[in-house]
Each structure stands twice: as structure tokens, then as C-alpha cells.
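Chains as they are written, first to last, in the working numbering: chain E, 1 to 338; chain Z, 1001 to 1205.
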Amino acid sequence: MNFWLLLLIKVGLVLGVMLPGALVIIFGELKISAHMQSRIGPYFAGGRFGWAQPLADGLKFMQKEDLVPADADDRVYKLAPYVVLMGTLALFVVLPFGPETVARDLDLGIFYVLAVSSLSTLGVLMAGWSSANKYSLIGGLRAAAQLIAYELPLVLAVIGVAIMAGSLSLNDIVTAQANWQWFDTLPTWVNIIPPYMILQAVGLVIFLTASLAELSRIPFDMPIAESELTMGYLTEYSGLRFTMFFLGEYAGMVAMAAVAATLFLGGYWLPFVSDDVLNFVGPVVLLTKVMLIAFVFIWLRWTFPRLREDQLQTIAWKWLIPAGLANIVLTGFFKVVF
Amino acid sequence: MSDWISHPENIVFVILAVVMVGAGFRSVTSRNVVHAVLFLVVALAGSAALFLLLGAEFVAWTVVLVYIGAVIVLFLFGIMITRAPLGMETQLSHSNQTKIGAAIVAGALFALISVAALQGFGDTEFVASPTRTDDLGLSIFQRFVIPFEVVSVVLLAALIGGIVLARRDPESTEELPAPQPTGVATTPSTNIAATAGRSAEGGDT
């Protein structure tokens, strides 16, 4: 098929998965948080259950005037949301939705994921600086300090999986999990457990914690802490550009949850199902796992209070990074021994 | 010439080269420090794209991860934590002497690298095929394992040196004069605090 046509289809599909996914998670957040606080949440928009609330919110945001502060650095200010969103969107290139349903199965898969997701930090700093607002600047600084600190545990958590699977390609990692055999003495139904969820449990916990911090969600939302920084680096943004940041946050949740699902929960893989079927069922399986992880993210958000800046740095440097290093050593040891 | 232009890679290369040279030029001439750093990002992204063009995927994404994701972010962090002026910087000293000196050094470096590259490779035909990551890993950890370990020890030494420089032991603080003037900061941590205070007084917004 024509290269450009195929490219167009792939870009369309990624947007088609990412945007509805983000909207579903926004709706989930509205409803789940409401029920956790004995409220009903959105109720009227769209007829039943208030399902159209995220759409209505999005349309409302888009109609607002796109304000640029008089003192702001015009070009940098306008470019920042795109840089943030680019880091998130580029991540979908290597995500496998099925044995053959992947935009581009890079040999370096997971390394590419880590590289492009670090671009968002740059956009956040640009937004914080160019707004010409002290709150924004402090928010941007806090975000940068946090993202740098939590990128290390994220990388360390991934290395354990890469050692076990013997590959960096996300598709190979899924295949390695599908081909995993538990001990022969155990009954066959044990094979429905995603192997890395058990064997890399430490890595999974580190990865989920670090990705919460990378997404700047409560309890790691020091960069936008409303009670002290108004809205951090987002303070001056309005209209379409604010929508892009907002959508970027939830698209980031989809992306990080999808990476976590692929690495630790077996991605598109379903036990006892052949590859031919998986090509069709795979996307549904992956999205189900994504939604499960997103539920955990939302659950944590409405359970824990915000961390102080020193607690946040302590968790990263004194707990997650040593745990990640120990996990790598143990994984390497068992890989060599068995 | 027409033969040269018929390869699509060459056209991509020319576009990348023009963008990179332009961004590099703007990053040294820009009157705003943050803009200079952002132009440097464009230049670095261009170099990553050049590596991709040569099939060196791993190096390309390492440039993105290490330089754009970490080094540039630390640059911006450092600029913003001390003083982050919006608009044109007036205190930058662009005397003719430094400009000429910088131009000479840059030109000499360019000449040196291009001569070395031309001497080394000449007209050798280059086949751009993607390097497989496992091949790269095997050659690093088998053939080049000793240089690799030496480099890691050097990096470790730099890390420890950085900690030693930045660290302030509890007993050494007592030796410092108690009423410490903000201008005469001795350690990096007080230095940052002092400059941050100055920028707050100056009111840069």
C-alpha cells in the first residue's frame, strides 16, 4: 500500500484510540470520584448517567478566548502545549495493539518510549517560564525537579522486564510473556496469570508510582498544587491551549497505562487464544487492561493527600531508586542462574 | 549534481542541515538566554534526525533522552532557578573582541572536524542500514567492555566530585562568619539562594 496513505491511516487510528480513551477516563474520573465522596457526579448531560459531560466540558473550553498575557513570551507560550502533547502522542508509535497491529515495531521499543516521553518536561518548563507569572515559574520548576527525579525509577523498573524478556521491542516483550511457562507440576490454569505481574511485582509498583509522578497527578501534584500555586504552569492558559494541556494529561494516562499494561500485564495477550484471533481481540484486551490501571490511578488520586516537596524527593531517591536497583540485580541473578 | 539530488536522503539531509545551521546560529546570537537554549534543542533534534538518517537508531534516541530530555532540562532549570529574564537580555557582553574570538574558534573547530572526516572516510560509499540493538550491545559488552568500564569509572568520579563540591558538612557551617553578606556566598547552595534573591529584588517580570 502507498506509504503516505498507510501513514495517514495510522495517525488517524492513534488519534481515534487516544482521544476517546482520554474522554472515557475523564468521565470515569468524574463518576468514580463522585461515588467515592457519596455524590452522584454528572447526571444530566447526554441523557443517561451524564455520559456527555466530558464532551460538553471540552466544547466549553474550546469556546473560551485564547488569552496570552501581555508580558508573556508569545511564541514560546504558544508552542508549549504542542511540545507537551507531542511527547505523549509520539509514544503510541511503538505500542502493539495485536500481534501485527502496531504502527511501527521498533527494535528499541521501550527505549524510544522513555526518550520521547522525556520531551514533555521541556514543554512544561517552556509553559512555566513564558507565562510571565511567578506561580507558573515555580510550578514549572517543581515539575522539572519532579520529572527528572522520577524518570530514573521509571527507567530502572523497565530494565527488569527487558532483562527477563531479553528484548527492548514491546512486541517481543508481549510474546515473551505469552510463551512463559510456569512449573510443570502446577495445573495449566496457572498460565492465565500474566507472569511479569508476579515476577516483576516490585518493578510494577515502582513503574506505577513513577508514572503517577510523571503525570503530576495527586499525590504527586506539587507542580499544580491549587492551594499554593493557583494552577502552577497552567495558570495563564485558557481556551484551546488549556484544553490541550488537559487532554494531554489524560492522554498521558492512557499512554502510561498502556505501556505498563504491555510491560507487566501482557499487553494485548489473552491466555489460550491464538494469534489470528488476537489480531482482532487484541485492542479490546489492551484497552481493558488500560482502563483497569487507569482506575487504580483514579482510586489513588482520591485516596491520598498531596505529598510535600521533600517527601516527594525522598520517595524517589531513597526508596524507589534503591528498590529499582535491587530489582535489577535480583532479576539479573535469576536470569543467569535459571 | 543531478545524480546527487536524485537520492531522497540527500534532500532530507540538506533540509536538516539548513535547519540545524540556522538554529545553531540563532542560539549563539539570540539576546535571550532561554531562547538560545530552545534553539539549541532544535539543533540537537536535528543531530538526532541525522543519526536516524544514518540508521543509528540507538544513538539517535540516546541524543533525545540524554541531551533534550536531561541536559537541556537542567540548563533551563538552572536558568530559571537563578534568573529567567523575559525579553531581551541587556547585561550580556557582546564585545567585538569576544565575537571575533568565538568565530575563530568555531571556524577552526569546523575545519578540523571536516578535514578529519574527509581524511578518514573520503569517498567511501556508506550503506545506511539500521544497526540492531543486540549487535550494538554485544559489541559494547564483548569487544569494547574495558573502555566501557573505564568510561563508567570516569563518570562515577565526576559524580562523586560533584557531590563533594556541592556538599556542606555540618561542622564546616560553624566556621563560616555568622552574619553572612549575600554577595560573598562560598558554596553553590548559598550561591543559588543569593542569585534567586537578587532576581526577585530586581523584579524581572
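Note that the Cβ used here is the ideal one computed from N, Cα and C, for glycine as well.
This structure is a prediction, so every number in the text was calculated from the model and none was measured.
Cut-off 7 Å between Cβ atoms - residues of its own chain near residue i, not counting five sequence neighbours on either side
i	result
Tyr77/E	Val68, Ser130, Ser131
Phe97/E	Tyr268, Gly282, Pro283, Leu286
Ser1027/Z	Ala1036, Phe1039, Leu1040, Ala1043
Tyr135/E	Leu229, Thr230, Gly232, Thr235
Asp221/E	Arg306
Phe1075/Z	Val1037
Tyr150/E	Ala210, Ala213, Glu214, Ala316
Leu325/E	Leu156
Ile138/E	Leu229
Val1063/Z	Leu1044, Ser1047, Ala1048, Phe1051
Arg301/E	Arg217, Ile218
Leu247/E	Ala22
Listed by chain order, chain E residues near residue i by CB distance under 7 Å
i	result
Arg1132/Z	Asp107
Phe1058/Z	Leu108
Trp1061/Z	Leu108, Phe111, Tyr112, Ala115
Boundaries of the alpha helix (DSSP H) in which residue i is found, first to last residue
i	result
Ala200/E	Here residue 200/E turns out to be Gln, not Ala, going by the sequence shown. It is not in any alpha helix (DSSP H) - Gln200/E carries neither H nor E in the DSSP assignment.
Met360/E	For residue 360/E there is no data in the structure shown, the boundaries of chain E being 1 and 338.
Gln1119/Z	1096-1121
Gln1142/Z	Segment: none, Gln1142/Z is in no alpha helix (DSSP H) and carries neither H nor E.
Arg1026/Z	1008-1029
Pro96/E	Taken as a continuous stretch (DSSP letters only), Pro96/E belongs to no alpha helix (DSSP H), as it is neither H nor E.
Trp4/E	3-36
Val336/E	321-337
Val1066/Z	Here Val1066/Z belongs to no alpha helix (DSSP H), and DSSP marks it neither H nor E.
Gln181/E	Element bounds for Gln181/E: n/a, residue is neither H nor E.
Lys318/E	Per DSSP, Lys318/E belongs to no alpha helix (DSSP H) and is neither H nor E.
Val54/E	Position check: residue 54/E holds Pro in this sequence, whereas Val was assumed. It spans 53-63 - the alpha helix (DSSP H) in which Pro54/E sits, taken as one unbroken run.
Arg301/E	275-301
Ser130/E	119-130
Val1037/Z	1033-1053
Leu85/E	74-89
Tyr250/E	239-264
Met231/E	Neither: Met231/E is in no alpha helix (DSSP H) and is coded neither H nor E.
Gly166/E	Element bounds for Gly166/E: n/a, residue is neither H nor E.
Own chain partners of residue i with C-beta closer than 8 Å, once the 5 adjacent residues on each side are dropped
i	result
Gly1055/Z	Ala1128, Ser1129, Pro1130, Thr1131
Gly252/E	Thr88, Ser120, Glu214, Leu215
Phe333/E	none
Trp4/E	none
Pro102/E	The question names Pro, yet the displayed sequence has Val at residue 102/E. Around Val102/E: Val94, Leu95, Pro96, Leu170, Asn171.
Ile952/Z	With chain Z covering 1001 to 1205 only, the question about residue 952/Z has no answer from this structure.
Leu1053/Z	Glu1009, Val1012, Phe1013, Leu1016, Ala1128
Ile163/E	Ile328, Thr331, Gly332, Lys335
Phe1077/Z	none
Val296/E	Leu208
Residue i: contacting residues in chain Z (beta-carbon distance under 8 Å)
i	result
Ile321/E	Going along chain Z, no residue has its Cβ under 8 Å from Ile321/E, so there is no contact; the nearest lies around 14 Å.
Leu168/E	Thr1133
Leu125/E	Val1073, Leu1076, Phe1077, Met1080
Leu119/E	Val1064, Ile1068, Gly1069
Residues that residue i contacts on chain Z, provided the C-beta gap is smaller than 7 Å
i	result
Leu152/E	Per Cβ cutoff of 7 Å: no residues; Leu152/E is ~10 Å from chain Z at best.
Ser33/E	Chain Z residues near Ser33/E: none, gap ~32 Å exceeds 7 Å.
Close Cβ partners of residue i (< 6 Å) along its chain, the five nearest in sequence each way excluded
i	result
Ala1045/Z	none
Ala1200/Z	Because the pLDDT of Ala1200/Z is 43, which lies under 50, any placement of that residue in the model is unreliable, and the question is left without a value.
Gly21/E	Val254
Phe92/E	Val14
Closer than 8 Å at the beta carbon, the chain E residues around residue i
i	result
Leu1112/Z	Going along chain E, no residue has its Cβ under 8 Å from Leu1112/Z, so there is no contact; the nearest lies around 30 Å.
Contacts of residue i in chain Z (Cβ-Cβ under 9 Å)
i	result
Leu122/E	Leu1038, Val1041, Ile1068, Gly1069, Ile1072, Val1073, Leu1076
Listed by chain order, chain E residues near residue i by CB distance under 9 Å
i	result
Val1033/Z	Neighbours of Val1033/Z on chain E: none; closest Cβ ~10 Å, over 9 Å.
Item to check | chain Z contacts from the stretch 99-115 of chain E (Cβ-Cβ distance under 8 Å) | outcome: Leu106, Asp107, Leu108, Phe111, Tyr112, Leu114, Ala115
Next on the checklist: Residues of the stretch 128-149 of chain E in Cβ contact with chain Z at a cutoff of 9 Å, in chain order, please.
Outcome noted: Gly128, Trp129, Ser130, Ala132, Asn133, Lys134, Leu137, Gly140, Leu141, Ala144, Ala145, Leu147, Ile148
Checklist entry - Along the stretch 50-77 of chain E, what residues have a CB closer than 8 Å to any CB found in chain Z? => result Asp71, Ala72, Asp73, Val76
Checklist entry - Given a limit of 9 Å on CB to CB distance, which residues of the stretch 1006-1027 of chain Z reach chain E? => result none
Item to check | Against chain E: residues of the stretch 1139-1169 of chain Z by CB proximity under 9 Å | outcome: none
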